[in-house]
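Taken in sequence, the protein lines are chains A and B. Taking my numbering, the leading residue of the first sequence gets 1, the next gets one more, and so forth. Taking my numbering, the leading residue of the second sequence gets 251, the next gets one more, and so forth. All C-beta atoms in this analysis are idealised placements derived from N, C-alpha and C, irrespective of residue type, glycine included.
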Amino acid sequence: MNQTLLNYILQIADNSLILGSRISEWCGHGPVLEQDIALTNIALDLIGQARSLFQYAAEVEGQGRTEDDLAYLRIAREYRNVLLVEQPNGHFGTTIARQFLFDAYHYPFYKALMNSKDETLAAIAEKSLKEVTYHLRFSSEWMIRLGDGTDESHEKVQNALYDLWPYTSELFVPSETDNSALEMGIGVDLSEVKNFWNEKVDEILKIATLEKPQDGWMQSGGKQGKHSEHLGFILAEMQYLQRTYPGQEW
Amino acid sequence: MVISKEDIYKILETIPDPEIPVISILDLGIVRDINIENDQVEVIITPTYSGCPAMDMIEVNIKAGLQDAGYDQVKVTTVISPAWTTDWLSESGRQKLKEYGIAPPVKGAHDKNLLFSAERVVECPLCESKDTHMVSQFGSTPCKSLYKCNSCLEPFDYFKCH
Ligand SMILES: [Zn+2]
């Protein structure tokens, strides 16, 4: 078994799973029907991507674990998602800011992953990129609408940016897995992803009349399995059924 | 019995898309190939969207449809590459969508790869006016956006480019 490949797939899958799970909390609670539907659609895309990745991870691992085992039956320390995606939804502006900061990473990430030497990863990236293109457009437009909106919406989304900013640098700090995957030709060069991200964030924040926060103390640890207190609550809800009634199937 | 691909395609033509039942799964362009080996029929399909909840149902329906027609050994294989695109929608599929009230995807509109490109012109499927606007890029299913016609004022679904 290729341990680097497996770890790399899980790292990508966990980001999609946890963010998808977070956004799905909005289902039925969106500010208006269209945005409720939009967020639910994005959640569905992300969980769909996670599913393809977990299926592949299960195959690579070859130990008999299924996609469901990987999604539902690991403990918090085994999840490799970045801290940004597990942060709480807050208000609509917080959710949009978190989404935008992640989409601006997710889009160039998948674009680069299409060149992976691993054919399955490249194929999943090609498929996912189409979906993430819509996500980035959606979150960019909402950043502009909220930032360049009323005084109140501007202030709220600006504060959300300040709050989330310390979680952004972790996206671009390579983990051991990132480095090994890059060396093997299956992974993505995060410094290139960061260039796109910086340009996109500058471009959108400028139109949105928002201030780009200063880099200060940055949080990290998610890629090493050291999570914020929020992940446990997400997992408790997500895993409840499988833990209580082991082996349940859809 | 010798099984022919044509016979299998004829049966697949009668299997509707679960979410937009006016078009068949062939119209949708998700059937990529059929392999026949002795009595075994393998249908190769590709998902429209990663999280499309209809894919499992489509698989069940393909198996059921072929079994009803007497083909017992049916296997459905899902491949994700090359990625499905709305360019694979058949001409008859596009026509059926329009008649059903869903604007078909604008052809060759590769706006999907360009963020913030100029808005495409989507024709109202009801009155054919080109004066329409997007209400939300996400609609009732993952494959649709929500539009409104400025001429007849009716809202309608647009099968978005992918
Ligand atoms: Zn009209």
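- Neighbourhood of ligand 1, defined by CB distance below 5 Å to any of its heavy atoms: Cys374(B), Leu376(B), Cys377(B), Ser379(B), Cys399(B), Ser401(B), Cys402(B), in chain order.
- When the beta-carbon positions are compared, isoleucine 42(A) and glutamine 99(A) come within less than 9 Å of each other.
- Cβ-Cβ separation between isoleucine 275(B) and isoleucine 286(B): approximately 18 Å, too far for a contact (criterion under 8 Å).
- Taking one beta carbon from each stretch, the region 297-311 of chain B and the region 47-56 of chain A have 3 or more pairs nearer than 8 Å; the two touch.
- Bounds of the alpha helix (DSSP H) holding leucine 33(A) are 33-61.
- With contacts defined as CB atoms closer than 9 Å, lysine 357(B) and aspartate 381(B) fail to qualify as a contacting pair.
- Of the candidates Lys206(A), Ile18(A), Asn2(A), Thr209(A), Ile18(A) places its Cα closest to the Cα of phenylalanine 102(A).
- The Cβ-Cβ distance between isoleucine 253(B) and aspartate 283(B) does not fall below 9 Å.
- Listed by position along chain B, the residues whose Cβ is nearer than 7 Å to that of glutamine 219(A) form an empty set, because the closest Cβ is around 28 Å away.
- Annotation: Cβ neighbours of tyrosine 299(B) in chain A (cutoff 7 Å, chain order): Asp45, Gly48, Glu131.
- At least one C-beta of chain A is nearer than 9 Å to the C-beta of alanine 333(B).
- With its beta carbon less than 9 Å from one in chain B, arginine 51(A) belongs to the interface.
- Scanning Asp215(A), Gly221(A), Gly149(A), Glu67(A) for the CA closest to the CA of serine 175(A) turns up Gly221(A).
- Beta bridge pairing from DSSP links lysine 398(B) with His383(B), Pro405(B).
- Under the DSSP assignment, valine 132(A) falls in the alpha helix (DSSP H) whose first and last residues are 119-147.
- With respect to chain A, the C-beta atom of histidine 412(B) has a partner C-beta closer than 9 Å.
- Proximity of proline 354(B) to chain A, defined by a Cβ-Cβ separation below 9 Å, is not satisfied.
- A check of alpha carbon separations from lysine 226(A) across Glu78(A), Leu44(A), Asp69(A) identifies Glu78(A) as the nearest.
- Taking C-beta atoms under 8 Å as the contact rule, phenylalanine 54(A) and leucine 70(A) qualify, at a distance of about 5 Å.
- Separation of isoleucine 37(A) and histidine 412(B) (C-alpha to C-alpha, rounded to the nearest whole angstrom) is 18 Å.
- Per DSSP, the beta-bridge partners of isoleucine 352(B) are Asp407(B).
- Phenylalanine 172(A) places its beta carbon less than 9 Å from that of valine 193(A).
- For asparagine 41(A), the closest Cβ of chain B is nearer than 9 Å.
- As the crow flies, the alpha-carbon of valine 324(B) is around 10 Å from that of valine 310(B).
- For isoleucine 330(B), the neighbours in chain A by C-beta distance under 9 Å run, in chain order, Ser52, Thr120, Ala123, Ile124, Glu126, Lys127.
- The beta-carbon separation of lysine 127(A) and isoleucine 330(B), rounded to 5 Å, stays under the 8 Å limit for a contact.
- Distance from isoleucine 75(A) to tryptophan 142(A) at the Cβ level is roughly 35 Å; contact not present, criterion being Cβ atoms closer than 8 Å.
- At a cut-off of 9 Å between beta-carbon atoms, glutamate 67(A) makes no contact with chain B.
- Using a CB distance cut-off of 9 Å, leucine 403(B) does not count as an interface residue toward chain A.
- Rounded to the nearest whole angstrom, the C-alpha separation of lysine 156(A) and histidine 29(A) is 19 Å.
- Residues of chain A with a Cβ closer than 9 Å to the Cβ of cysteine 302(B) are, in chain order, Leu44, Gly48.
- Cβ contact annotation for methionine 238(A) (same chain, cutoff 7 Å, sequence separation greater than five): Ser21, Tyr72, in chain order.
- Neighbours of proline 392(B) across chain A, judged by C-beta separation under 9 Å: Asn41, Leu44, Asp45, Gly48, Glu131.
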